[in-house]
Structures are given as structure tokens and as C-alpha cells.
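Notes follow the structure.
Protein chains: 2
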Amino acid sequence: MQVLVDGTDGGTVAADDRGLAYGDGLFETMRAHGGTIPWWPAHWSRLLRGAARLRIPVPAEADVVRQVATVFQGGDGIVKLLLTRGSGGRGYAPPPEPAPSCIVSHHPAPIATQGGLTLRWCDVRLAEQPALAGIKHCNRLEQVLARLEWTAPGCPMSGADEGLMRSTSGDVVCATAANVFALIDGQWRTPPVDRCGVAGVCREWALARLDACIETLSPQQVESADAVFLCNAVRGILPVARLGDRTWSPHPRVAAARRALALDHPAFAAPPETP
Amino acid sequence: MQVLVDGTDGGTVAADDRGLAYGDGLFETMRAHGGTIPWWPAHWSRLLRGAARLRIPVPAEADVVRQVATVFQGGDGIVKLLLTRGSGGRGYAPPPEPAPSCIVSHHPAPIATQGGLTLRWCDVRLAEQPALAGIKHCNRLEQVLARLEWTAPGCPMSGADEGLMRSTSGDVVCATAANVFALIDGQWRTPPVDRCGVAGVCREWALARLDACIETLSPQQVESADAVFLCNAVRGILPVARLGDRTWSPHPRVAAARRALALDHPAFAAPPETP
Chain C
2 MQVLVDGTDG GTVAADDRGL AYGDGLFETM RAHGGTIPWW PAHWSRLLRG AARLRIPVPA
62 EADVVRQVAT VFQGGDGIVK LLLTRGSGGR GYAPPPEPAP SCIVSHHPAP IATQGGLTLR
122 WCDVRLAEQP ALAGIKHCNR LEQVLARLEW TAPGCPMSGA DEGLMRSTSG DVVCATAANV
182 FALIDGQWRT PPVDRCGVAG VCREWALARL DACIETLSPQ QVESADAVFL CNAVRGILPV
242 ARLGDRTWSP HPRVAAARRA LALDHPAFAA PPETP
Chain P
2 MQVLVDGTDG GTVAADDRGL AYGDGLFETM RAHGGTIPWW PAHWSRLLRG AARLRIPVPA
62 EADVVRQVAT VFQGGDGIVK LLLTRGSGGR GYAPPPEPAP SCIVSHHPAP IATQGGLTLR
122 WCDVRLAEQP ALAGIKHCNR LEQVLARLEW TAPGCPMSGA DEGLMRSTSG DVVCATAANV
182 FALIDGQWRT PPVDRCGVAG VCREWALARL DACIETLSPQ QVESADAVFL CNAVRGILPV
242 ARLGDRTWSP HPRVAAARRA LALDHPAFAA PPETP
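Each protein sequence line maps, in turn, to chains C and P. Our numbering applies: residue 2 is where the first sequence begins, and numbers increase by one. Our numbering applies: residue 2 is where the second sequence begins, and numbers increase by one.
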């Protein structure tokens, strides 16, 4: 992993960084392809929204773009951008003039999944916090705990690829690291992210491009949907084949969604549609 | 600030530490006095509870004690212990065998407050997440946002010393960095911390030593209490003089609580009881 911290090859961060102390930061995980990051504007725009919400000053876009370009050097893969509030005293009150830390790292592209995903329902619920909903902040223990449900040493292997999470109210919200879309009565639907969950960059694309709508979904509605897919900016659209006892065959509307994505984002071109 | 990272004088942490990425860690902030940390057993015990909940392996207590003793070198002040899950891949799933990072730092003792505190009600609510309630984990953006309400540049100075936080259900939970006790019908009462909030070390002391009880409290109950104090392991018991429009005169039961604390914890001996 190549990593730049504030533009410098190094790989270490001050031990009093507020990202470390309080998860006081934001991140973006982006798919690079052939020397570009096709969805950069959407990622940058979400980072700005998050920074406004948390009142973290944002470095100049040109500086960040330069650091991002340095780490992936015109290639493919994943670029992670982490922006924290920087060093800060002991205590929750941020320094009056924070000097944010910007950490940019490069990672290999994920291995494309063959066939549909197997999902499980996570036991951990997402707490409802409108002040933090939608943005991609670094307070992610709920996702870590959810992931531990089926990956921790000693846990029975359920064979799941991902887990769907519900809010404390019981509504479906998202997977641990992806948004979810369900095809119901011919219409793609995805849950709101105004009380918990993240407004995913691929979700934004799908809402616009697939003419999808935002709607509260119960677990029963997702289980009885005609088709379900997960999506994120790193892996694109991932068909779901199984959720607990429910199974789905490949659906032409999911294949059509993947073709639309392949047209708009070259990293997701020609995805394998069947195993 | 002197800081040890994994026992080594250094002051930096790997940029891929999961504490930085996800707030995937726990901390303790402890009062040192005359070469000892009188409440060490309570802090260590809460760290163990948190680590069990998050499934973070804990270093040997003797090793941590040695690092803690190294940073404060027999003096006074504050020792902060931060335990993260250590380096980890990109993604929420923790590595199967995490190598936690242990960061120990020394800070000056806080300046003793003269007189009672002025409190405000925070607008940000605490989300209800039983899976994370009670433990002192590093997902603290709610507290950071609450603190920003009256300390951010450009905010009208309210003159508040601390803010009381309510849960999303509207119940009183705690201050941003302290627990709260209210004297109602002759009995000290403090809110439960099983859905949000932290089980403070000084709160544990007060529950036992002041024969206090745990009870859901509404904002109205706190405002109409005969006396109110905040407490934490760093500053001890802090009388409250004002909350919004409500004011309290010094109360003998608060003075008695402070005398009891002074007997049990030498750092809080002979506190000034009046301005």
C-alpha cells in the first residue's frame, strides 16, 4: 500500500490526531480506472457536505487531486482519501483553528464476484442519528461489529458475502459497505439515509440513472422483492442471489442496470453477468 | 505531551490504523496523583469490558501499567490510554488476528473550577445504540458536534462550561464529558447508560458511595432538582450553579459528596467549595 500523509510519503500520523482519538474525520473510497477517477466530482462533493456538517476545513481540491494522482500513478485500483480534523488537545472541543490531516492510499482493485451475493441479516442495528446520517464519517463501529458477526474467529461460518442492516426502528437501511436496491412493482427502491446510513456515490448514480425512488423498506418488502442488488463506488452493482432462505435467479432488470453502469463508468464495463 | 506508542517514545501511529479509519478503539482518561493512579482498577476493568464488547485483544495489564508509569513518572496530571485494533486492511472486517496499538500520553492536570458550572442543553441528541452504550469507545462525533455548538469560531459565546445531552428519545443522559447526578426527594439519581452514554468511573464511585440510584430523568426533572452535579474521573465532582434559566445555590449535599470523594481519592482532596 502506498500512502501519502499530507502529501508526504511516510505512512504515519501524529498520535494525537483527532481521527484516532474520536473518529473525527471523513473518508472516500474511490475506484480508479486507466489513470482517472471517473466519479471524483461525486466523491469530492460528498466530502464537502460531510466537512460542512462536521465543520472540518477542507484543503484545496487541486492539492488533494495532486496527492490522489501521485498514489495511483495513472493506474487502476482503489484510492482511499481520509480527512481528519488533525491534531487536537485532549478533549472533545476541537482546536479553534484545526489543521486537518489528509491521508491518501492506493489499494488493489477488488476481485470481481462471480454470480450473485449471499446476504444475511445483521443483528446489530444502526442507531438513528440525523446529525451524522448520509455523510461518510469515520465513526464506524456499528459496521465493524456487524462485520464481526460472521467473520470473527470462532464464529460459525455462515458463508455470507455481506450483511443487511436495519435501523433501531426495524427498517432496512443498507449493507455494511454498500447501499441496497429492491425491485418492487417494477420500480427500483432504496431506503432513505436521513436518519442513518450513507448516501453512496453509486446509490446517487442509480437513483438518477435507473429512475429509482427513495422509500422506507421493511425486511419483508426486501425479502419479497422481485430482484435485489447492492452497490457501491468500488464494486459497482452486485446482484443478490440469496438472503436467508430467500433466493433470486438472475433478473433482466439487474443485468440492464449493470449494462447502464458499464456505459457510464469504465471500471465496471463488461461485468460477468452469470457465473 | 509525552507519548508512548506501543511502549516506544515516538508519537506517531501507522496511517492504516483502524482507530484512525473507523474510531475502532477504546480509551481511558485517568487522574494521576503523587505517583499513582488511584482509580486504575476501575479504568482497567472498564477497558476490559469495552474490549470484550468490541472483541479487541488486550495487552497484558503489567505491560500497560509499565507504560503508564513511564509517561507520568511518579507525578500528577492526566494519563490517557488509547487502545485501537491496530493496523487493518481497507474494509470494516477486522483482521483475523489484530495487533492492537496502545498509545499512552501524559497531560497537565485541569485547572480547578471555582464555584459552580454553567450548563446549557445541547441540540445534538445521543443516538440509542445498546451495542456501544456504556463503554468508552472512540466513536465520539456526537460529543464533538455537541461541543462545537458553543465553542466553534463564529458561534455566539454562551458562556457555558459544559452541555447536557439528551437521547433521541428526549431523556437526559450526561454532559459531553461527564455524567450527571440530580438530587430529587433527598436521593441522588443518575440516568441509565444502557442505550447511550458512558458508564463513568466517577459515576460508579458515586453510585456506590452516595447510595445513588439509576433512573430515567427528563429535562424537567433535572431542572427542578434540588441540586445537580457533574462528575468524571479527571475533575471529580463539579457542582452545577446554572442550567439555562435555572440557578442553584451551593447545596450541603453536594459539599458532602465532594468531601466523601476527597476521602477516597487524594487528587480530589480539599476541593474549594465556594468561589
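Here a beta-carbon is modelled for each residue, glycine too, at the ideal position from N, C-alpha and C. Nothing here was measured: the structure is a model prediction, and the numbers come from that model.
Within chain P, the residues that residue i reaches when beta carbons sit closer than 8 Å
i: Ile-79 of chain C; result: Arg-91
i: Ala-178 of chain C; result: Gly-92, Tyr-93
C-beta atoms of residue i and residue j nearer than 8 Å
i: Gly-78 of chain P; j: Ala-16 of chain C; result: no
i: Glu-150 of chain P; j: Asp-172 of chain P; result: no
i: Leu-83 of chain P; j: Ala-179 of chain P; result: no
i: Ala-256 of chain P; j: Ala-263 of chain P; result: no
i: Ala-176 of chain P; j: Leu-165 of chain P; result: yes
i: Thr-282 of chain C; j: Phe-182 of chain C; result: The requested residue 282 of chain C is not part of the displayed model; chain C covers only 2 to 276.
i: Glu-224 of chain C; j: Leu-208 of chain C; result: no
i: Val-202 of chain P; j: Ala-153 of chain P; result: no
i: Arg-126 of chain P; j: Arg-91 of chain P; result: no
i: Gly-51 of chain C; j: Ile-104 of chain C; result: no
Option nearest residue i by Cα separation, candidates the options
i: Asp-71 of chain P; options: P:Gly-87, P:Pro-95, P:Ile-38; result: Strictly speaking, residue 71 of chain P in this sequence is Thr, with Asp absent from that position. Ranking P:Gly-87, P:Pro-95, P:Ile-38 by Cα distance to Thr-71 of chain P puts P:Ile-38 first.
i: Ala-94 of chain C; options: P:Gln-144, P:Ala-52, P:His-266; result: P:Gln-144
i: Trp-249 of chain C; options: C:His-107, C:Asp-227, C:Glu-62, C:Pro-267; result: C:Asp-227
i: Val-4 of chain C; options: C:Arg-260, C:Gln-221, C:Pro-101, C:Gln-74; result: C:Gln-74
i: Ala-200 of chain C; options: C:Arg-148, C:Gly-24, C:Arg-32, C:His-44; result: C:His-44
i: Asp-25 of chain P; options: C:Arg-148, C:Val-229, C:Ala-134, C:Glu-129; result: C:Arg-148
i: Pro-99 of chain C; options: C:His-266, C:Leu-55, C:Thr-30; result: C:Leu-55
i: Gly-198 of chain P; options: P:Thr-217, P:Gly-8, P:His-108; result: P:Thr-217
i: Ser-88 of chain P; options: P:Ser-170, P:Val-223, P:Ala-22, P:His-252; result: P:Ala-22
i: Phe-28 of chain C; options: C:Asp-18, C:Asp-10, C:Pro-131, C:Leu-49; result: C:Leu-49
i: Pro-131 of chain C; options: C:Leu-118, C:Val-223, C:Gly-245, C:Asp-195; result: C:Asp-195
i: Ala-33 of chain P; options: P:Gln-221, P:Ala-110, P:Gly-117, P:Gly-187; result: P:Ala-110
i: Gln-68 of chain C; options: C:Gly-51, C:Cys-232, C:Ser-106; result: C:Ser-106
i: Ala-53 of chain C; options: C:Leu-133, C:Gly-90, C:Val-202; result: C:Leu-133
i: Ala-128 of chain P; options: C:Asn-140, C:Ala-63, C:Thr-119, C:Trp-122; result: C:Asn-140
i: Val-241 of chain C; options: C:Asp-7, C:Thr-119, C:Thr-9, C:Thr-114; result: C:Thr-119
i: Cys-232 of chain P; options: P:Ala-258, P:Ala-61, P:Ala-153; result: P:Ala-258
i: Thr-85 of chain P; options: C:Gly-35, C:Thr-9, C:Leu-142; result: C:Leu-142
i: Pro-96 of chain P; options: P:Cys-103, P:Asp-18, P:Arg-236, P:Gln-188; result: P:Asp-18
i: Arg-236 of chain P; options: P:Ser-46, P:Ile-112, P:Gly-36; result: P:Ile-112
i: Ile-57 of chain P; options: C:His-108, C:Val-66, C:Leu-146; result: C:Leu-146
i: Gly-117 of chain C; options: C:Ala-261, C:Ala-268, C:His-252, C:Asp-265; result: C:His-252
Chain C contact for residue i (CB, 8 Å cutoff)
i: Ile-215 of chain P; result: no
i: Leu-120 of chain P; result: no
i: Val-6 of chain P; result: yes
i: Pro-276 of chain P; result: Unreliable positioning characterises Pro-276 of chain P in this predicted model, as indicated by a pLDDT of 43, which lies under 50. The coordinate reading is nonetheless provided below. Answer no: the Cβ-Cβ gap between Pro-276 of chain P and chain C never drops below 8 Å.
i: Asp-212 of chain P; result: no
i: Pro-273 of chain P; result: Note on Pro-273 of chain P: pLDDT 48, under 50, position unreliable in the model; the coordinate value appears next. With 8 Å as the cut-off, Pro-273 of chain P does not count as an interface residue toward chain C.
i: Val-125 of chain P; result: yes
i: Ala-263 of chain P; result: no
i: Thr-85 of chain P; result: yes
beta-carbon residue i near the ligand ATP non-hydrogen atom, thresh 7 Å
i: Asn-233 of chain P; result: The ligand ATP is not among the ligands present in this structure, which contains no ligands whatsoever.
Listed by chain order, chain P residues near residue i by CB distance under 7 Å
i: Thr-152 of chain C; result: Ala-94
i: His-266 of chain C; result: The contacting residues do not exist; His-266 of chain C stays about 20 Å from chain P at best.
i: Gly-24 of chain C; result: Tyr-23, Gly-24, Cys-139, Asn-140, Arg-141, Leu-142
Where residue i meets chain C, residues with beta-carbon distance less than 7 Å
i: Thr-169 of chain P; result: Glu-129
Test: residue i CB closer than 8 Å to a CB of chain P
i: Gln-144 of chain C; result: yes
i: Gly-245 of chain C; result: no
i: Arg-141 of chain C; result: yes
i: Leu-133 of chain C; result: yes
i: Leu-82 of chain C; result: no
i: Arg-236 of chain C; result: no
Contact set between residue i and chain C, taken where Cβ atoms lie within less than 9 Å
i: Val-14 of chain P; result: Thr-13, Val-14, Ala-15, Ala-16, Asp-18, Leu-21
Per-residue contacts from residue i into chain P (C-beta, under 9 Å)
i: His-108 of chain C; result: Gly-90, Arg-91
Residues bridged to residue i [DSSP beta-bridge criterion]
i: Trp-122 of chain P; result: P:Leu-165
i: Ala-15 of chain P; result: C:Thr-13
i: His-107 of chain C; result: C:Gln-3, C:Val-80
i: Val-173 of chain P; result: P:Arg-167, P:Leu-218
i: Cys-232 of chain C; result: C:Asn-180, C:Ile-238
i: Thr-85 of chain C; result: C:Gly-26, C:Ser-102
i: Leu-244 of chain C; result: C:Leu-120, C:Arg-247
Residues that residue i contacts on chain C, provided the C-beta gap is smaller than 8 Å
i: Arg-56 of chain P; result: Leu-149, Ala-153
i: Ile-104 of chain P; result: Ala-16, Leu-21
i: Thr-30 of chain P; result: Arg-91
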